[in-house]
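Participant: For the sequence shown, our numbering assigns the number 124 to the initial residue and increments by one for each residue that follows.
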Amino acid sequence: MTSQSTAVRAMPGAVIPPRRRKKKITIGRVVLYLVLTVGAFLMIAPFLWMILTAFKSELEVAEFTWLPAVWRWDNFVGAMQTAPFLQYFRNSLFIAVGETAVTLAICTMAGYVLSSIPIRGSKLLLNYFITLLMVPFQIILVPLFLIVKSVPLFGGNDIFGQGGTGWLNSWWGLIVPLAAAPIFTFLARQFYVSLPSELADAARMDGVGEFGIFWRIMTPLVKPALITIAVFQIEAAWNGFLWPLMITTTDDLRPLQLGLAIFSQNPASIQWPYLMAGTALATLPMVLLFVFAQKQFVEGMANVGLKG
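Here you go:
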């Protein structure tokens with residue numbers, strides 16, 4: 124025992140940190156780690172194969188070798204030249220940013236109202252949002268398509284929404300219908316309801332309006348919530364496929380996932396190295412997004428549902 128630890132023990136009221144117990148190595152723990160290791164490998168194996176294939180030649184892909192004999196970095200350049208992947212990237216980025224901006228603006232305000240303002244029928248409205256969470260998107264796909272096609276005064280439509288294409292083949296149709304989903308309103312409400320109501324009451328006594336309370340007092344306290352909602356929305360918009368497939372017909376508006384599917388629609392002529400190079404580049408932004416927002420994302424998810 125060192126002299127420093129002896130002095131700490133001699134001090135009255137000194138708090139001695141408990142010693143960490145060494146975990147015993149048991150058969151059950153070994154089996155658990157073995158199962159987790161195998162599961163982790165099964166999860167990462169497809170991504171590893173995708174990245175390695177992006178550096179191979181066509182012959183190596185046909186022979187199915189794990190490591191490429193020669194690392195072909197020019198496959199990424201060839202993929203960009205074979206298909207308009209840069210345009211697909213731009214479209215996906217524009218859609219993701221647009222949907223996320225609309226979601227954060229509308230869902231946070233709706234969540235604050237449901238959590239803090241005593242309005243008549245708020246519980247019924249909250250139950251309505253919870254019910255919408257159980258409705259699959261495929262069920263509303265056709266009605267949503269008809270609504271987008273019949274938007275008045277857009278795409279050649281008259282005041283009654285007839286005679287044209289509405290929001291089909293437009294940024295409005297790609298961004299607005301899939302923004303402000305019920306799940307994000309519910310999440311925002313759960314975050315706001317976890318804040319102490321005394322903060323809003325004190326602000327009201329000082330004469331601050333409801334929008335001021337929402338914008339200047341409550342919202343800065345839920346930054347992990349905003350990041351969590353943004354991560355979910357960006358991921359959903361970036362990986363969107365079915366809805367863009369229904370309402371777009373040109374490469375000018377097609378997002379990345381739809382572009383990759385069109386690039387590989389003919390199995391006999393698929394250039395696998397180019398396809399895997401484009402897929403790897405499509406995956407990279409989402410990986411980086413989660414890496415940089417991981418701390419706030421985990422904190423936000425841990426606080427969901429603690430109150431209310």
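We treat Cβ as the ideally placed atom computed from N, Cα and C, and that holds for glycine.
In this text the structure is predicted, and so the values were computed from the model without any measurement.
When you compare the CB positions of residue 432 and residue 307, do they come within less than 8 Å of one another, or not?
Facilitator: Here the chain has residues from 124 to 431 only, and residue 432 is not among them.
Participant: Given this structure, state the Cα-to-Cα distance separating residue 421 from residue 280, to the nearest angstrom.
Facilitator: Here the question's residue 421 lines up with position 298 in the sequence shown. Here the question's residue 280 lines up with position 157 in the sequence shown. Each residue's Cα considered, the two are about 46 Å apart.
Participant: Any idea if residue 411 is buried or exposed, counting beta-carbon neighbours within 10 angstroms, 16 or more meaning buried?
Facilitator: For the purposes of this step, residue 411 is taken as the residue at position 288 of the sequence shown. Per the 10 Å Cβ criterion, exposed.
Participant: Return yes when the Cβ of residue 209 is within less than 8 Å of the Cβ of residue 190, no when it is not.
Facilitator: Your numbering for residue 190 matches position 67 in the sequence shown. Your numbering for residue 209 matches position 86 in the sequence shown. No, the Cβ-Cβ distance between residue 190 and residue 209 is not below 8 Å.
Participant: So what does DSSP say about residue 240, is it helix, strand or coil?
Facilitator: Position 117 of the sequence shown, counted from the start, is the residue given in the question as residue 240. Here residue 240 sits in coil by DSSP.
Participant: Nearest-angstrom Cα distance between residue 253 and residue 287?
Facilitator: For the purposes of this step, residue 253 is taken as the residue at position 130 of the sequence shown. For the purposes of this step, residue 287 is taken as the residue at position 164 of the sequence shown. So the alpha carbons of these two residues sit roughly 35 Å apart.
Participant: Taking the alpha carbon of residue 350 as the reference point, which residue from 275, 401, 310 and 233 has its own alpha carbon closest?
Facilitator: Residue mapping note: residue 350 aligns to position 227 of the sequence shown, counting from 1. Comparing Cα-Cα distances from residue 350 to each of 275, 401, 310 and 233, the minimum goes to 310.
Participant: What is the DSSP secondary structure of residue 374, counted as helix, strand or coil?
Facilitator: In the sequence shown, counting from the first residue as 1, residue 374 sits at position 251. The answer is coil: DSSP assigns residue 374 none of H, G, I, E or B.
Participant: Across the stretch 314 to 323 and the stretch 232 to 239, are there enough close Cβ pairs to call them in contact, namely three or more that are closer than 8 Å?
Facilitator: yes
Participant: Any idea what DSSP makes of residue 178, helix, strand or coil?
Facilitator: For the purposes of this step, residue 178 is identified with residue 55 of the sequence shown, where counting begins at 1. DSSP places residue 178 in coil when its eight states are reduced to three.
Participant: Could you please give the first and the last residue of the uninterrupted alpha helix (DSSP H) stretch that includes residue 297?
Facilitator: One-based indexing of the sequence shown puts residue 297 at position 174. Element bounds for residue 297: 294 to 298.
Participant: Does residue 179 pass the burial test, meaning 16 or more other C-beta atoms within 10 Å, or should it be called exposed?
Facilitator: Here residue 179 corresponds to residue number 56 of the sequence shown, with the count starting at 1. So residue 179 ends up on the buried side.
Participant: Measuring straight from C-alpha to C-alpha, what distance separates residue 387 and residue 211?
Facilitator: Locating residue 387 in the sequence shown gives position 264, counting from the first residue. Locating residue 211 in the sequence shown gives position 88, counting from the first residue. Their backbone Cα atoms lie some 15 Å apart in a straight line.
Participant: Which of the three DSSP states, helix, strand or coil, is assigned to residue 195?
Facilitator: Here residue 195 refers to the residue found at position 72 of the sequence shown. It is coil, neither helix nor strand.
Participant: Counting along the chain, where does the alpha helix (DSSP H) carrying residue 246 start and finish?
Facilitator: Locating residue 246 in the sequence shown gives position 123, counting from the first residue. Residues 245 to 255.
Participant: Could you work out which residue in 330, 362 and 347 is closest to residue 415 when comparing CA atoms only?
Facilitator: Within the sequence shown, residue 415 is the residue found at index 292, counting from 1. The shortest C-alpha separation from residue 415 is found at 347.
Participant: Using 8 Å as the cut-off, can you tell me whether the stretch 320 to 336 makes contact with the stretch 217 to 225, which would need three or more C-beta pairs spanning the two stretches below that distance?
Facilitator: no
Participant: In whole angstroms, give me the CA-to-CA distance for residue 264 and residue 321.
Facilitator: Within the sequence shown, residue 264 is the residue found at index 141, counting from 1. Within the sequence shown, residue 321 is the residue found at index 198, counting from 1. Each residue's alpha carbon lies about 43 Å from the other.
Participant: Could you check what DSSP says for residue 304 in three-state terms: helix, strand or coil?
Facilitator: On the sequence shown, residue 304 is found 181 positions in, with the first residue counted as 1. In the structure shown, residue 304 sits in coil (DSSP, three-state: anything other than H, G, I, E or B).
Participant: Nearest to residue 217 by CA position, among 379, 200 and 199, is which residue?
Facilitator: Position 94 of the sequence shown, counting from 1, holds the residue named residue 217. Taking the Cα of residue 217 as reference, the smallest distance to any Cα among 379, 200 and 199 is reached at 379.
Participant: Nearest-angstrom Cα distance between residue 373 and residue 367?
Facilitator: Walking along the sequence shown from the start, residue 373 turns up at place 250. Walking along the sequence shown from the start, residue 367 turns up at place 244. Straight-line Cα distance between these residues: approximately 10 Å.
Participant: At the level of alpha carbons, what is the spacing between residue 341 and residue 358?
Facilitator: By 1-based counting over the sequence shown, the position of residue 341 is 218. By 1-based counting over the sequence shown, the position of residue 358 is 235. Spanning the two alpha carbons is a distance of roughly 26 Å.
Participant: Between which two residues does the alpha helix (DSSP H) harbouring residue 281 extend?
Facilitator: Mapped onto the sequence shown, residue 281 falls at position 158. Segment: none, residue 281 is in no alpha helix (DSSP H) and carries neither H nor E.
Participant: Pull up the CB-CB distance for residue 399 and residue 206, whole angstroms please, since I reckon it's below 8 Å.
Facilitator: In the sequence shown, counting from the first residue as 1, residue 399 sits at position 276. In the sequence shown, counting from the first residue as 1, residue 206 sits at position 83. About 13 Å; that fails the 8 Å criterion.
Participant: Note down, one range per segment and in chain order, each beta strand (DSSP E) of at least 3 residues found wholly within the stretch 317 to 351.
Facilitator: none
Participant: With H, G and I counted as helix, E and B as strand and the rest as coil, what does DSSP make of residue 207?
Facilitator: The sequence position of residue 207 within the sequence shown is 84, counting from 1. Coil at residue 207, not helix or strand.
Participant: Report the three-state DSSP secondary structure of residue 392 (helix, strand or coil).
Facilitator: If you number the sequence shown from 1, residue 392 lands on position 269. Residue 392: helix per DSSP, three-state reduction.
Participant: Less than 8 Å separating the beta-carbons of residue 85 and residue 291?
Facilitator: A query on residue 85 cannot be resolved here, the shown segment of the chain reaching from 124 to 431 and no further.
Participant: Please tell me whether residue 396 and residue 181 are closer than 8 Å, where the distance is taken between their beta carbons.
Facilitator: On the sequence shown, position 273 is the one that residue 396 refers to. On the sequence shown, position 58 is the one that residue 181 refers to. A contact, by the Cβ cut-off of 8 Å.
Participant: Can you give the beta carbon distance from residue 199 to residue 404, rounded, assuming they're within the 8 Å contact cut?
Facilitator: One-based indexing of the sequence shown puts residue 199 at position 76. One-based indexing of the sequence shown puts residue 404 at position 281. Yes, they are in contact, since the Cβ atoms of residue 199 and residue 404 sit about 7 Å apart, within 8 Å.
Participant: Under DSSP, the alpha helix (DSSP H) around residue 286 begins and ends at which residues?
Facilitator: Locating residue 286 in the sequence shown gives position 163, counting from the first residue. Neither: residue 286 is in no alpha helix (DSSP H) and is coded neither H nor E.
Participant: As a quick exercise: from 344, 323 and 394, pick the residue whose alpha carbon is nearest that of residue 202.
Facilitator: Within the sequence shown, residue 202 is the residue found at index 79, counting from 1. The closest CA to that of residue 202, considering only 344, 323 and 394, is found on 394.
Participant: Would you mind giving the Cβ-Cβ distance between residue 305 and residue 256, rounded to the nearest angstrom? I have them listed as a contact below 8 Å.
Facilitator: For the purposes of this step, residue 305 is taken as the residue at position 182 of the sequence shown. For the purposes of this step, residue 256 is taken as the residue at position 133 of the sequence shown. That belief holds up - the Cβ atoms of residue 305 and residue 256 are roughly 6 Å apart, short of 8 Å.
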